[in-house]
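See structure below.
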Amino acid sequence: MPELPEVETVVQSIRDGLINNEFEHIEIRWPKVLFNFSEDEFLNNLVKRKIQRVERRAKFIIIGFNEDILAIHLRMTGKLYFQNNIPQNKHISAVIKINNGNYLIFEDTRKFGRFYYYQSQDYLNNKLGIEPLSNEMNGRILLNILHSKKRIIKALLLDQHIIAGLGNIYVDECLWKSNIHPETISNKIPEKNITILSKMIKSTLQSSIKAKGTTVVDFTFLNGRSGKYSDQLNIFGKEGNPCPKCSEIIIKKKVAGRGTHFCPDCQVIEY
DNA sequence: CCATGAACCTGGTCGC
DNA sequence: TGCGACCAGGTTCATG
């Protein structure tokens, strides 16, 4: 499901209900949800400890205690939200009781979502790439990254080890806005387009966060409200429709293993 | 180093 | 209405 803006939206929606509170208990309904630790370890290490911070790193939700963290990845269909009673919905992977009486629910239809426990955030930081909304990210850095590799640009932008947070929707949108064909080899892309791409990545993600993310199928947060960025999509899911810039018909094709939308007229492979 | 396809799961949609 | 094929916002692993 969620990419950076949707995860950021979830973090903002649960932060106030967690900061300075404590976990009291956890009920595991899908055992695989705990990826690298056990239910006992959860109870021994994470219960009755004050939550210091709730943040996002790439597509991970970080719940920080002291140095150690509980990291949650929603994958495709994960939802994390509060409820004041124990729900009986079909696809709930875990229920965490909070000391204020609420329950933090992890609901996940496809069961790909996972909880990770790490002694510090370093492990994640070391394997994740640059945050696209950080000051570190700019046209110069992006040029260095793209020109130091010879990879299909779509695959490169989806690779979390390099730039962390983009997913299928926002990659398609940003490449379209920058007039870059998704199959272009990264080191062939002109500097001019990369400068624009860097700006489009930032502005697109920021606009989406403002709209509380994109709802494609069933992304919700809080009381089932959905993100409004869907209204601002130009290319994703628009195959068969005219390109908003040139009116050519939008194409959908598999690139880097993912359904990929682009305008065959605006987005040209440059050499 | 990189591309590809499968695997992990469930449910929705489309064509016949 | 039923059924199979295919698709889905993500990531990881094996293979060539």
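Numbering (numbering that gives the first Met the number 0), first residue to last: 0 to 270.
The C-beta atom is built at its ideal place from N, Cα and C for all residues, glycine as well.
These figures come from a predicted structure and were not determined experimentally.
Practice prompt. Determine the extent of the beta strand (DSSP E) in which Lys78 is found, giving its start and end residues.
Written response: Gly77 to Gln82
Worksheet item: For Gly77, which residues from the same chain have a beta carbon less than 7 Å from its beta carbon, with the 5 sequence-adjacent residues on both sides left out?
Response: The residues are Met0, Phe105, Asp107 and Gly112.
Worksheet item: Helix, strand or coil: how does DSSP classify Ser12 here?
Response: helix
Worksheet item: Should Glu5 go down as buried or exposed, given a rule of 16 or more other Cβ atoms within 10 Å for buried?
Response: buried
Worksheet entry | DSSP three-state assignment for Arg139, whether helix, strand or coil | Arg139: helix per DSSP, three-state reduction.
Item to complete: Report the rounded CA-to-CA distance for Asn83 versus Gly212, giving the unit in angstroms.
Response: 25 Å
Worksheet item: Are the beta-carbon atoms belonging to Leu141 and Ile200 less than 9 Å from one another?
Response: yes
Discussion item. Between the alpha carbons of Lys187 and Asp121, how many angstroms are there, rounded?
Written reply: 34 Å
Worksheet item: Are the segment 233 to 253 and the segment 145 to 156 in contact at 8 Å, needing three or more beta carbon pairs?
Response: no
Worksheet entry | Counted within 10 angstroms of its Cβ, other Cβ atoms place Val267 as buried (16 or more) or exposed | exposed
Item to complete: Assign Ile248 to one of two classes, buried (16 or more other C-beta atoms within 10 Å of its C-beta) or exposed (fewer than that).
Response: When all chains shown are included, Ile248 counts as exposed.
Discussion item. Using the three-state DSSP reduction, which class does Lys148 fall into: helix, strand or coil?
Written reply: Look at Lys148 here: in three-state DSSP terms it is coil, with no helix or strand label.
Discussion item. DSSP has Arg257 in a bridge; who is on the other side?
Written reply: Arg257 is bridged to Val254.
Discussion item. With a threshold of 8 Å, are at least 3 pairs of Cβ atoms found where one atom belongs to the segment 155 to 169 and the other to the segment 44 to 63?
Written reply: yes
Worksheet item: How would you write the range of the alpha helix (DSSP H) that Val170 sits in, first residue to last?
Response: Asn167 to Lys176
Fill in: N- and C-terminal bounds of the beta strand (DSSP E) containing Ser197
Premise fails: Ser197 lies in the alpha helix (DSSP H), Glu190 to Lys209, not in any beta strand (DSSP E).
Worksheet item: By Cβ distance below 6 Å, which residues in the same chain neighbour His24 in space, the five residues on each side in sequence not counted?
Response: Lys96
Practice prompt. Identify which residue in Arg74, Met75 and Arg48 has its Cα closest to the Cα of Phe64.
Written response: Arg48
Item to complete: Spatial neighbours of Val53 within its chain, please: CB distance less than 8 Å, with the 5 preceding and 5 following residues excluded, ordered by chain position.
Response: Val10, Ile13, Arg14, Leu17, Ile18, Ile60, Ile61, Ile62 and Gly63
Worksheet item: Which residue from Glu38, Glu182, Ile184 and Ser202 puts its Cα closest to that of Tyr169?
Response: Ser202
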